[in-house]
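See structure below.
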Amino acid sequence: MSFLPEELWRRILEIGIEGSGFSYKDLCCVSISCRRLHRLSSEDLIWNRLLSADYPQPHPTSSSSSKSLYKLRFERDKERRIAAHRRVVLRKESQIAEHSRRLKEIQTRVAQETATATQTAQDLSNLRRARQAFVALNVWQPEVVRSRQKQMVEQSAVPAECRIHALEMELKLCKQQIAGLELFYKDEKRRLDTAKEELASMNYHPIGEHKTIRQGDHKHIKRKKLKLCNSYTDQQRGVFYIYKSDAGVRQFILSTYLQNLLLVKTQALFDPCN
């Protein structure tokens, strides 16, 4: 590298920027390789070529260096990209909120249709039971009562058969509505899950995830060390208790031995045979 002239290295950097997609990241990586490339990569001509390649729109004349202008344009472009990403995320969050609201509405409608179907089934059961009782009364009651009931039935606005048929149709309609709402609920739930996955992929950042994992590992290591310290302390306490118990046993044995020895000496002292 040292035997090549600076003009050749400068031309290599220019060709890399113009034809090989040499980016600012590559230029920064090259600048830390050696002092010569660090000096060459800081030249205004190189950054002017890079500025024209990445931002081809005309630039206003300024006394600042091309590197400063590139940094300024890069920061503005970065802010625009962050704002655009934030708008996309907010739009997706709004979409998720809309899906959640629709799911709640569907659940409310399903509950209403279920209550209506239950009430309709109860009314239909009561009406059928009343019709069966009316048929039984027509069979067993006398002619006078039967004619009176016939007159009352003729005066009623809606016949029993029509009411039963209407309730049956209403119950069938409620069941169809519930089935359709359940299908709509599944479809809306699938859209909500898809939107949540898309939002998670938008908010995913590998560096942030890596930091979170490292923090979790650090907490796990600290917790593990704390457990090891506690277990070691417990072991020390156990050894201390065992030592104390062994000392008590030794003291008990020694006191028992001394008592027996004193008893033997006393018996020998007062023994008449001696």
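Numbered by UniProt numbering, the letters in the sequence shown go through residues 1 to 274 in order. C-beta atoms are modelled at their ideal positions from N, C-alpha and C, and glycine is treated no differently. Since the model is a prediction, treat every value here as computed from it, not as a measurement.
DSSP-derived helix/strand/coil call for residue i
i: C273; result: Bear in mind that a pLDDT of 44 at C273, under 50, signals an unreliable position, so the model cannot answer this.
i: Y185; result: helix
i: L51; result: helix
i: F22; result: coil
i: H38; result: helix
i: P5; result: coil
i: P206; result: helix
i: S64; result: coil
Length of the line joining the Cα atoms of residue i and residue j
i: E182; j: V110; result: 8 Å
i: L69; j: Y204; result: 31 Å
i: L72; j: I15; result: 24 Å
i: Q236; j: V88; result: No answer about Q236 holds up, because its pLDDT of 47 lies below 50 and its placement is not dependable.
i: E197; j: W9; result: 48 Å
i: I96; j: C162; result: 47 Å
i: S20; j: S31; result: 17 Å
i: I82; j: E170; result: 55 Å
i: G238; j: A195; result: Note that G238 scores a pLDDT of 46, beneath 50, so its modelled location is shaky; the value from the coordinates is reported in the next line. So the two alpha carbons sit approximately 57 Å from each other.
i: R11; j: A84; result: 37 Å
i: H165; j: G180; result: 23 Å
Rounded Cβ spacing between residue i and residue j (contact assumed at less than 8 Å)
i: I178; j: E93; result: About 31 Å separates the two Cβ atoms, so there is no contact after all.
i: E7; j: R49; result: Between R49 and E7 the Cβ distance is about 15 Å, and since that is not below 8 Å, they are no contact.
i: K175; j: A115; result: Not a contact, Cβ separation roughly 13 Å.
i: E43; j: H99; result: About 54 Å; that fails the 8 Å criterion.
Cβ neighbours of residue i in the same chain (closer than 6 Å, five flanking residues each side left out)
i: K13; result: Going by the sequence as given, residue 13 is Leu instead of Lys. So the list reads I46, once near-sequence residues are dropped.
i: L27; result: S41
Own chain partners of residue i with C-beta closer than 7 Å, once the 5 adjacent residues on each side are dropped
i: L167; result: T120, D123, L124, L127
i: R35; result: none
- Message: Threshold first: 3 residues or longer. Then list the beta strand (DSSP E) segments lying entirely within the stretch 95-121, N to C.
- Response: none
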